[in-house]
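In our numbering, the protein residues as written are 13 to 311.
C-beta atoms are modelled at their ideal positions from N, C-alpha and C, and glycine is treated no differently.
Being a predicted model, the structure only gives us computed values, none of them experimental.
Everything on this sheet refers to the single structure shown next.
Structure, rendered in C-alpha cells:
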C-alpha cells in the first residue's frame with residue numbers, strides 16, 4: 013500500500029468528521045457563505061483559527077486572481093494552498109555525516125519508543141547500521157521497552173541501569189557507534205516537561221556530549237507528538253521548540269484522531285517540518301511525510 017492509500021486510510025476518522033461538510037461546501041457557490049463555512053470546517057479539523065483563516069483568505073485571493081468559477085476548481089486550489097503550507101524546511105533526515113545522531117524528545121505516552129523502533133526498522137531496511145541509546149533512565153522499564161523494539165528491528169542498543177545519568181548513556185552510545193561503525197544513533201530521552209529549565213539543562217548536557225564525542229556529525233532533534241491531543245500537542249510543540257531547537261516533528265496516532273488538520277497547524281505555526289507520520293500499529297506504518305499527498309487525502 014502506497015503513501016496516499018495509507019494516509020487516506022489513516023485519515024478515515026478525520027474525513028468522517030469533516031467530509032460531509034466538505035462535500036456540501038464544494039457542491040455550492042463561491043460566495044461569502046462558502047468562505048465562512050470553509051473556515052468553520054477547517055477549524056473543526058483542528059487546524060487552528062489562525063491557520064484556518066489564512067487558508068481561507070488565500071483561497072479567496074486565488075479564486076479571484078485565477079478567475080475560478082466552479083467549487084471543484086476551488087477544491088483543487090485549496091489542495092495547492094494546503095500543500096504549500098505543509099511544505100516547510102527539509103523533509104528528509106540529515107544522515108550524511110556518520111555516525112548521524114537523531115535525538116527524540118516529547119512527553120510520556122506520545123509513542124516515542126514505538127517511533128524509534130519503527131524508524132530503526134526502516135533505516136535498517138535501507139541498509140543502514142543502526143544503534144539505539146536508552147537515554148530515558150528515569151521511567152521504570154523505559155529501557156526494557158526500547159530493548160524489545162531493538163530486538164524486533166534487529167539493531168544494537170546501549171543502555172544502563174535505571175536512574176543513571178542520561179548523558180552517560182549517550183557517551184557510551186557515541187563510543188559504541190564509532191567502534192561498531194554505526195551509520196545512525198537513535199537516542200531516546202525522558203518524557204518530562206515539568207520544568208522547562210530542567211529540560212533545557214538535560215538536553216544541553218546530552219548535546220554537549222554529542223558535540224564533544226562526534227564533532228560535526230549530522231544531527232536531528234525530533235519532537236514526537238500524539239496527533240490525538242490536537243491543539244494541546246501544538247502547545248507542547250511550542251514549549252519544546254523554545255527549549256530544544258527542533259529540526260523536525262513526528263506525528264503519531266494520526267489514524268486515531270478525527271482532527272488531522274493539526275498537521276497543517278504544526279507545520280504553519282512552528283515553521284518546523286513534519287518528517288514522519290504514524291498511521292497504524294504495524295512496523296511499516298511510520299511513513300515519511302509527503303505534503304502534496306497528505307493535502308490530497310485530507311481534502
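Measure the C-alpha to C-alpha separation of residue i and residue j and round it to an integer number of angstroms.
i           : j           : result
residue 292 : residue 298 : 8 Å
residue 59  : residue 216 : 32 Å
residue 309 : residue 159 : 35 Å
residue 186 : residue 152 : 24 Å
residue 295 : residue 126 : 9 Å
residue 136 : residue 190 : 17 Å
residue 206 : residue 256 : Note that residue 206 scores a pLDDT of 49, beneath 50, so its modelled location is shaky and nothing firm can be said.
residue 202 : residue 243 : 22 Å
residue 156 : residue 133 : 17 Å
residue 10  : residue 220 : With the chain running from 13 to 311 in the structure shown, residue 10 is simply not present.
residue 290 : residue 301 : 9 Å
residue 303 : residue 98  : 5 Å
residue 200 : residue 154 : 9 Å
residue 69  : residue 46  : 12 Å
residue 44  : residue 78  : 18 Å
residue 61  : residue 48  : 12 Å
residue 241 : residue 108 : 33 Å
residue 73  : residue 66  : 11 Å
residue 51  : residue 211 : 37 Å
residue 227 : residue 110 : 10 Å
residue 100 : residue 288 : 13 Å
residue 102 : residue 144 : 24 Å
residue 80  : residue 305 : 23 Å
residue 121 : residue 177 : 22 Å
When the distance is taken between beta carbons, is residue j closer than 8 Å to residue i?
i           : j           : result
residue 142 : residue 194 : yes
residue 229 : residue 146 : no
residue 89  : residue 38  : no
residue 272 : residue 57  : yes
residue 214 : residue 183 : no
residue 94  : residue 262 : no
residue 123 : residue 149 : no
residue 279 : residue 91  : no
residue 8   : residue 165 : Because residue 8 is not part of the residues shown, which for the chain are 13 to 311, the question remains open.
residue 266 : residue 239 : yes
residue 34  : residue 53  : yes
residue 198 : residue 105 : no
residue 170 : residue 181 : yes
residue 4   : residue 222 : As shown, the chain starts at 13 and ends at 311. That puts residue 4 outside it, with no answer to give.
residue 179 : residue 218 : yes
Starting from residue i, follow its DSSP beta bridges and name the residues at the other end.
i           : result
residue 196 : 112, 142
residue 299 : 289
residue 37  : According to DSSP, which records beta bridges pairwise, residue 37 is partnered with nothing at all.
residue 264 : 238
> Taking three-plus beta-carbon pairs below 8 Å as touching, is the stretch 108-118 in contact with the stretch 235-250?
Replying inline: yes
> Residue ranges of each beta strand (DSSP E) run of no fewer than 3 residues wholly in the stretch 216-249, ordered along the chain?
Replying inline: 231-238
> Which residue spans inside the stretch 80-133 form an unbroken beta strand (DSSP E) run of at least 3?
Replying inline: 112-117
> Are the stretch 246-253 and the stretch 275-284 touching, with three or more C-beta to C-beta distances below 8 Å?
Replying inline: yes
> Can you list, in chain order, the stretches of the alpha helix (DSSP H) that have 4 or more residues and sit fully within the stretch 144-193?
Replying inline: 154-165, 178-192
> Can you give, in chain order, each stretch of the beta strand (DSSP E) that sits fully within the stretch 55-79 and has at least 3 residues?
Replying inline: none
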